[in-house]
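In numbering that gives the first Met the number 0, the protein residues as written are 0 to 244.
So the structure is just underneath, and the comments pick up after that.
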Amino acid sequence: MDPDAPVLERRAQYDRDGYLVVRGVLDAGTMSSVNDHVDGLLARHPDRRGEDLGHDLVAGDQFWVDLVADARLLDLASEFVGSDLALFASHYICKPAGSGRPVLWHQDAGYWPLEPMEVVTLWLAVDPSTRENGCLRVVPGSHRHGVHPRRTRTDTESVFGDESDVSIDEDSVIDLELEPGDVEIHHPALLHSSGANRSAHRRCGLTIRYIPTSTRILTDRPPYPSAFHLRGEPGVNEYQPWPVG
Ligand SMILES: O=C(O)CCC(=O)C(=O)O
0 MDPDAPVLER
10 RAQYDRDGYL
20 VVRGVLDAGT
30 MSSVNDHVDG
40 LLARHPDRRG
50 EDLGHDLVAG
60 DQFWVDLVAD
70 ARLLDLASEF
80 VGSDLALFAS
90 HYICKPAGSG
100 RPVLWHQDAG
110 YWPLEPMEVV
120 TLWLAVDPST
130 RENGCLRVVP
140 GSHRHGVHPR
150 RTRTDTESVF
160 GDESDVSIDE
170 DSVIDLELEP
180 GDVEIHHPAL
190 LHSSGANRSA
200 HRRCGLTIRY
210 IPTSTRILTD
220 RPPYPSAFHL
230 RGEPGVNEYQ
240 PWPVG
């Protein structure tokens, strides 16, 4: 068998559909430590909703930085954005049981200060992610139709408070049910969302946004709070120091 076949298949699916799922990327032991990390963050930040454990918390958090630098994740990211890699942002979206908010339909590229918009998201499932607790939902191929403007939504609670100004054909939507350690990978222009958590179980996932180090993070005050050089040449950005201890 051609040893590169899975890599080529993953790349072909990403180019065609704008997303793919890779099962069992991180092992149960690692995921147990990730789970402890989430519990620690929730305990240290009782002022925040679980959906809001965002990129401003990454600098200084050695476990978080070591996790996004895990070679299994970097090897996957490099299939899509090349081998010189940096972290742009990372965010746990932990929807509490019974009250977790939805993420409305959006495209990441509509939000980010990146030039060019070369970036890939790896979404690591921390908890089982199901239709009932608000799994990721995607519109395959939607990354090939440009970036839509955004509209504010004040009529419903949601994680970001706005959405892409576009109508979604529900028949084209795919629900991505994942197990802890599975990774969903998506393109910055993919239309995606997730529902409210009305189940009795938490739904936690970690978004990790990897850029090639040739992508510039546009910021008045570098380094960007969650910019870390992870592999290869450092490229065009300034970076946060690696946390110690
Ligand atoms: O975790 C979620 O529900 C949404 C994640 C998301 O929007 C993203 O990864 O860009």
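C-beta: ideal position from N, C-alpha, C; glycine also.
Measure the Cβ-Cβ separation of Val165 and His147 and say whether it is below 9 Å.
-> Less than 9 Å divides the Cβ of Val165 from the Cβ of His147.
In the DSSP assignment, what are the bridge partners of Ser163?
-> Arg149
Identify the continuous beta strand (DSSP E) that holds Leu52 and give its terminal residues.
-> Segment: none, Leu52 is in no beta strand (DSSP E) and carries neither H nor E.
For Thr218, name the three-state secondary structure that DSSP assigns.
-> Here Thr218 sits in coil by DSSP.
Identify every run of the alpha helix (DSSP H) within the region 19-47, keeping only runs that are complete inside it and at least 4 residues long; order them along the chain.
-> Entirely contained in the region 19-47, the alpha helix (DSSP H) runs reaching 4 residues are, in chain order, 27-43.
In chain order, what residues of the same chain lie with their CB nearer than 7 Å to the CB of Phe62, ignoring the 5 residues before and after it?
-> His36
Val64, DSSP secondary structure in three states | helix
Within the present structure, is the beta-carbon of Trp122 separated from the nearest heavy atom of ligand 1 by less than 8 Å?
-> yes
Assumed close pair Thr129, Ile184 - CB separation to whole angstroms, cut-off 8 Å | Not quite, the Cβ-Cβ distance comes to about 20 Å (not below 8 Å), so this is no contact.
Mind pulling the alpha helix (DSSP H) runs of 4 or more residues that sit fully within the region 56-126?
-> 61-67, 70-80
Leu135: CB within 8 Å of a non-hydrogen atom of ligand 1 | Within the cutoff, so yes.
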